[in-house]
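Below is one structure; the comments refer to it alone.
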Amino acid sequence: MRIANKFTIPDTEIELHAIRAQGAGGQNVNKVSNAIHLRFDIAASSLPDDYKDKLRLTSDRRISSDGVIIIKAQRYRSQEKNRDDALERLQALIESATFAPKHRTKTEPTRASKARRLENKIRRGTLKSLRGKIEN
C-alpha cells in the first residue's frame, strides 16, 4: 500500500480476516463471511518513527491502547469491496497523521482595510440610529 507518494507499507504488515457481517441481509448474512476485519500494528510496522508517534497520539477510537489499528469494513455485500474499503480507510488514517499544517505568519491589517472597517461601522451605526421612533 502506498502512502502519500512517500513510502510503501508491505502487505505482510496488514492482517486481513474475513468475518460474518452484522445487521440485516437475510440468509446471506448467516452463510457468507463478507465483512473484513483489518489489524495493523503501529509499533511493528515499517513506518517512520515520527509517523508512528503521531498515530499513537491520535485520539481515534479505531486505535487500541496497545497501538493496533482495528478497522471493520462491512459496508458492501462483496468481500472484495469490503477489503478495498478497509484498506482505503487505513490509508486515509495514516495519511491524516502524516499531514503537517502550514505555519501561519501573523500579518498586520493594511491602512485601507482599517479605513473600510471604520467606514462600515459608521454606516451601520447611522442605519441603526434611523430605525428609532419618528418624532413630529
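All residue numbers for the sequence shown refer to this note's numbering, where the first residue is 14 and numbers rise by one.
Ideal Cβ positions, reconstructed from N, Cα and C, are used throughout, including at glycine.
Helix, strand or coil at Asp54 according to DSSP, with G and I counted as helix: strand
Bridge partners - Phe20, DSSP secondary structure assignment: Ile16
8 Å CB neighbourhood of Arg124 in its chain, flanking five on each side removed: none
Close Cβ partners of Ile22 (< 6 Å) along its chain, the five nearest in sequence each way excluded: Met14
Where the alpha helix (DSSP H) containing Ile107 begins and where it ends: Gln92 to Thr111
Per-residue DSSP class, three states only, for Lys67: Lys67 falls in the helix class under three-state DSSP.
Under the three-state DSSP convention, the category Leu29 falls into: strand
Classification of Leu143 by the beta-carbon crowding that lies within 10 angstroms, buried from 16 upward: exposed
Spatial distance of Ile84 from Asp97 (CA atoms): Looking at the two C-alpha atoms, the distance is approximately 12 Å.
Limits of the beta strand (DSSP E) - the one that Lys85 falls within: Val81 to Ala86
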